[in-house]
Amino acid sequence: MNRKRLIAALVASLWGSPTPAQSVWNDFQIHGFGAQAVLKTSDNRWFGDSDQTSFDFTELGVNASLRVLPELLVAGQVLARRAGGMSEGTPAIDYALADISLLDSPQHGVHVRLGRIKNPLGLYNETRDVPFTHPGIFLPQVVYFDRVRNLVLSSDGAALFGETTTDFGTFSGTLVYGQSLVDENVEWSYLNGNFPGDIAPDGNSWIGSAWFTSSSQRLKLGLSGAALALRFRPDRDVAWTLDSGTTDILYWIASAQYRAEDWSLTAEYAREPLQWRSYGPAFPDRKAVGEGYYVQATYRVRPPLQLMLTYQEGFADRQDREGNALSAATGGLAPAFSGFSKIWSLGLRWDIDEHWMVRAEYQHNEGTFILSPRENPDPDALAKYWNLFGLQVVFRF
Amino acid sequence: MALAVRRSLRFHGFSLACFACALWPTCLTGQETIVNQSLAPRELTQNEARLYFGMRRRLWADGQPVKIYVLPDDHPLHIAFAKDLLGLFPSQLRTGWDRQIFSGTGQAPTTVANEEEMIRRVASTPGAIGYVSKLPKDPRVRMLEVR
Chain X
1 MNRKRLIAAL
11 VASLWGSPTP
21 AQSVWNDFQI
31 HGFGAQAVLK
41 TSDNRWFGDS
51 DQTSFDFTEL
61 GVNASLRVLP
71 ELLVAGQVLA
81 RRAGGMSEGT
91 PAIDYALADI
101 SLLDSPQHGV
111 HVRLGRIKNP
121 LGLYNETRDV
131 PFTHPGIFLP
141 QVVYFDRVRN
151 LVLSSDGAAL
161 FGETTTDFGT
171 FSGTLVYGQS
181 LVDENVEWSY
191 LNGNFPGDIA
201 PDGNSWIGSA
211 WFTSSSQRLK
221 LGLSGAALAL
231 RFRPDRDVAW
241 TLDSGTTDIL
251 YWIASAQYRA
261 EDWSLTAEYA
271 REPLQWRSYG
281 PAFPDRKAVG
291 EGYYVQATYR
301 VRPPLQLMLT
311 YQEGFADRQD
321 REGNALSAAT
331 GGLAPAFSGF
341 SKIWSLGLRW
351 DIDEHWMVRA
361 EYQHNEGTFI
371 LSPRENPDPD
381 ALAKYWNLFG
391 LQVVFRF
Chain C
1 MALAVRRSLR
11 FHGFSLACFA
21 CALWPTCLTG
31 QETIVNQSLA
41 PRELTQNEAR
51 LYFGMRRRLW
61 ADGQPVKIYV
71 LPDDHPLHIA
81 FAKDLLGLFP
91 SQLRTGWDRQ
101 IFSGTGQAPT
111 TVANEEEMIR
121 RVASTPGAIG
131 YVSKLPKDPR
141 VRMLEVR
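Taken in order, these protein sequences are the chains called X and C.
Going letter by letter, the first sequence gives residues 1 to 397 in this note's numbering.
Going letter by letter, the second sequence gives residues 1 to 147 in this note's numbering.
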């Protein structure tokens, strides 16, 4: 009997006493989402066998957060993402962090975050895999590459966040220091193949962002960037592979967005200076400056229906926008049009209710810069002009 | 004659207002920000209200944790409150909450089904803030002015 009472008391203390407002579990939240897309391309492969019809784009995420103390939030999210030949859908920890509030006044807020932190790059990187937080099925690929998404996705380390509110708006900034997560897609994209050996971060990386948001939150201006290095560790047991070279990457984005009640206009410009060193004679040292930009307009026709129009251009090297030097460097193996992408997209989004959303997107592509070489290993099979049609169903809670 | 014209104008003005209200149902309801009686402040600036309802501040000046209660995104009173008192669109609030919920940097406010539940929850939760169309006769909640 006493034991039963003790257990009851323990359960009550954990799950809330008669005054539920006092229980810490009142500040426990679970949210999540699921999305499935159907994709069809006229040529080339994008998220699976899209030249047939691909169902290989699935996103599932569940997160939990608990406010242990008013000043301490712990939160984590598990994400399973199937993306054609680029990702198989094995669940992984998307973020897992403790957010400690050091200063919390009407004018200023200062937080320290420890753990796996989403990198604050551009308008969308932190929630890039959460479908309803961005207008199209795909983020503009020339800025938010899906073929190397993991490189800039998150960091295992620490972040300092600060914001100050004035009469005309809020200034905020974040600085992240930590280890970036690297996968096979990074090797495919930055070394153009899969060589015997592993690619790993060479030391820790820095990620920083600075934002201004007007008081009405209509105007948002920001600058964000990441500085990181990759090192190739050759497999010693094979006859030949690349030498132990490094790739230095600096990636920055300038962002501007204006949101009115029924329409919005967004533009982002990204630049990525790259330097390859010491990979050996088969892969001579070289430099390139990747570049991408887009302009996106949305218009809400009626409350649940939103139209989207996007134009984007991206270049493997801004000194070689036609891709001719790239093609020549590979002895004509890589076509010139694999050095750039110019894409028009038209989308329609229907927010059915608070849980369900459906959207359709049509893209006209010139060039194949955004495609994953891992999904399209044969350069001869690439088509310069190609179209994409996608349909996506999204659920959230 | 002049009086008749004036009356007629007044009548038309009144019917125009009614017509506008029929198209814009939120203008029929007032909006009052309410807080739990445990809170001392009598007023907030609009910027402060935006920070609290944006879930970007966790503590009141006296150290009590902030507890935010809202109605569903498409509720007419929520739309009116967001626009008139916060000067924001409901979609802006949603974007801000989602960014925090799905990056692990914050939590969502508690969504209540209707005004009765709003009053009940604000009345029974220390540090709570919400909004109603008409100030209730409940000693456990009081009005907070947003300047």
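For glycine and all other residues, C-beta sits at the position ideal for the given N, C-alpha and C.
Output the distance between the C-alpha atoms of residue i and residue j, rounded to the nearest integer angstrom.
i                 : j                 : result
Asp285 of chain X : Asp320 of chain X : 17 Å
Ile249 of chain X : Leu274 of chain X : 5 Å
Glu71 of chain X  : Arg58 of chain C  : 7 Å
Ala38 of chain X  : Asp98 of chain C  : Reading the sequence as shown, one finds Val at residue 38 of chain X and not Ala. Cα to Cα, Val38 of chain X sits roughly 25 Å from Asp98 of chain C.
Leu219 of chain X : Gly162 of chain X : 19 Å
Arg147 of chain C : Glu43 of chain C  : 7 Å
Phe389 of chain X : Ser338 of chain X : 21 Å
Ala336 of chain X : Ala325 of chain X : 8 Å
Lys134 of chain C : Phe53 of chain C  : 19 Å
Thr41 of chain X  : Ala80 of chain X  : 24 Å
Asn125 of chain X : Asp138 of chain C : 46 Å
Phe315 of chain X : Gly290 of chain X : 6 Å
Cys21 of chain C  : Lys83 of chain C  : Confidence in Cys21 of chain C is poor, its pLDDT being 44 and thus under 50, which makes the residue's placement too unreliable to answer from.
Gly347 of chain X : Arg233 of chain X : 43 Å
Leu191 of chain X : Gly178 of chain X : 23 Å
Gln37 of chain C  : Ser105 of chain X : 21 Å
Arg113 of chain X : Asp156 of chain X : 10 Å
Arg396 of chain X : Leu175 of chain X : 30 Å
Leu153 of chain X : Ala80 of chain C  : 37 Å
Gly34 of chain X  : Thr95 of chain C  : 18 Å
Ser103 of chain C : Ser209 of chain X : 15 Å
Ala381 of chain X : Thr53 of chain X  : 17 Å
I think residue i touches residue j, with their Cβ atoms under 8 Å apart; what is that distance to the nearest whole Å?
i                 : j                 : result
Gly169 of chain X : Thr213 of chain X : 6 Å
Ile68 of chain C  : Thr110 of chain C : 7 Å
Asn44 of chain X  : Ala334 of chain X : The Cβ separation is near 14 Å, so there is no contact.
Thr45 of chain C  : Met143 of chain C : Not quite, the Cβ-Cβ distance comes to about 16 Å (not below 8 Å), so this is no contact.
Glu322 of chain X : Tyr294 of chain X : Not really, about 20 Å apart at Cβ, beyond 8 Å.
Arg67 of chain X  : Asn185 of chain X : That pair is no contact at about 36 Å.
Arg231 of chain X : Asp202 of chain X : 4 Å
Ala92 of chain X  : Gly76 of chain X  : That belief does not hold up - the Cβ atoms of Ala92 of chain X and Gly76 of chain X are roughly 11 Å apart, past 8 Å.
Ser255 of chain X : Leu151 of chain X : Not confirmed; about 19 Å, so no contact.
Gly197 of chain X : Thr241 of chain X : 5 Å
Contact criterion: CB-CB distance below 8 Å. Does residue i meet it with respect to chain C?
i                 : result
Ala267 of chain X : no
Ser216 of chain X : yes
His364 of chain X : no
Tyr118 of chain X : According to the sequence shown, residue 118 of chain X is Lys rather than Tyr. Taking Cβ atoms only, chain C reaches closer than 8 Å to Lys118 of chain X, which makes this a yes.
Leu97 of chain X  : yes
Val130 of chain X : yes
Phe397 of chain X : no
Glu375 of chain X : no
Thr133 of chain X : yes
Glu361 of chain X : no
Tyr209 of chain X : The amino acid at residue 209 of chain X is misidentified as Tyr; the sequence shows Ser. No, Ser209 of chain X lies away from the interface with chain C (no Cβ there is under 8 Å from its Cβ).
Gly109 of chain X : yes
Assuming residue i is part of the alpha helix (DSSP H), what are its boundary residues?
i                 : result
Thr95 of chain C  : Pro90 to Ile101
His108 of chain X : Looking at the DSSP string, His108 of chain X is not in any alpha helix (DSSP H); the run it does join, the beta strand (DSSP E), is His108 to Lys118.
Ser327 of chain X : Asn324 to Ala329
Ile79 of chain C  : Pro76 to Ala80
Gln275 of chain X : First-last for Gln275 of chain X: Trp263 to Arg277, but that is the beta strand (DSSP E), not the alpha helix (DSSP H).
Arg218 of chain X : It is not in any alpha helix (DSSP H) - Arg218 of chain X carries neither H nor E in the DSSP assignment.
Arg149 of chain X : Arg149 to Leu153
I want to see whether chain X comes within less than 8 Å of residue i, judged by CB atoms only; does it?
i                 : result
Thr33 of chain C  : no
Arg99 of chain C  : yes
Asn114 of chain C : no
Gly104 of chain C : yes
Pro109 of chain C : no
Pro139 of chain C : no
Gly130 of chain C : no
Pro185 of chain C : With chain C covering only 1 through 147, there is no way to say anything about residue 185 of chain C.
Leu144 of chain C : no
Gly87 of chain C  : yes
What are the boundary residues of the beta strand (DSSP E) that residue i is part of?
i                 : result
Leu352 of chain X : Reading the sequence as shown, one finds Ile at residue 352 of chain X and not Leu. Note, Ile352 of chain X: premise wrong, no beta strand (DSSP E); not H, not E.
Met118 of chain C : Where Met118 of chain C is concerned, there is no enclosing beta strand (DSSP E), although the alpha helix (DSSP H) it sits in stretches over Glu115 to Ser124.
Asn192 of chain X : Taken as a continuous stretch (DSSP letters only), Asn192 of chain X belongs to no beta strand (DSSP E), as it is neither H nor E.
Leu144 of chain C : Val141 to Val146
Leu460 of chain X : Since the first residue shown for chain X is 1 and the last is 397, residue 460 of chain X is missing from the structure and cannot be characterised.
Glu313 of chain X : Leu305 to Phe315
Give, in chain order, every residue of the region 298 to 309 of chain X whose Cβ lies closer than 7 Å to some Cβ of chain C.
none
Could you please tell me which residues of the region 68 to 85 of chain C, in chain order, have their CB closer than 9 Å to any CB of chain X?
Pro72, Asp73, Asp74 and Lys83
Using a Cβ-Cβ cut-off of less than 8 Å, give me the residues of the region 54 to 81 of chain X that come near chain C, in sequence order.
Gly61, Asn63, Ser65, Arg67, Pro70, Glu71, Leu73, Ala75, Gly76 and Gln77
Residues of the region 36 to 59 of chain C with Cβ closer than 7 Å to any Cβ of chain X, in chain order
Asn47, Glu48, Leu51, Arg56, Arg57, Arg58 and Leu59
Of all the residues that make up the region 158 to 185 of chain X, which are near chain C by a beta-carbon distance shorter than 9 Å?
Contact residues of the region 158 to 185 of chain X toward chain C are Phe161, Glu163, Thr165, Thr166, Asp167 and Thr170 (C-beta to C-beta distance below 9 Å).
Interface residues of the region 28 to 47 of chain X facing chain C [CB-CB below 7 Å]
Listed by position, the residues of the region 28 to 47 of chain X near chain C (Cβ gap below 7 Å) are Gln29 and His31.
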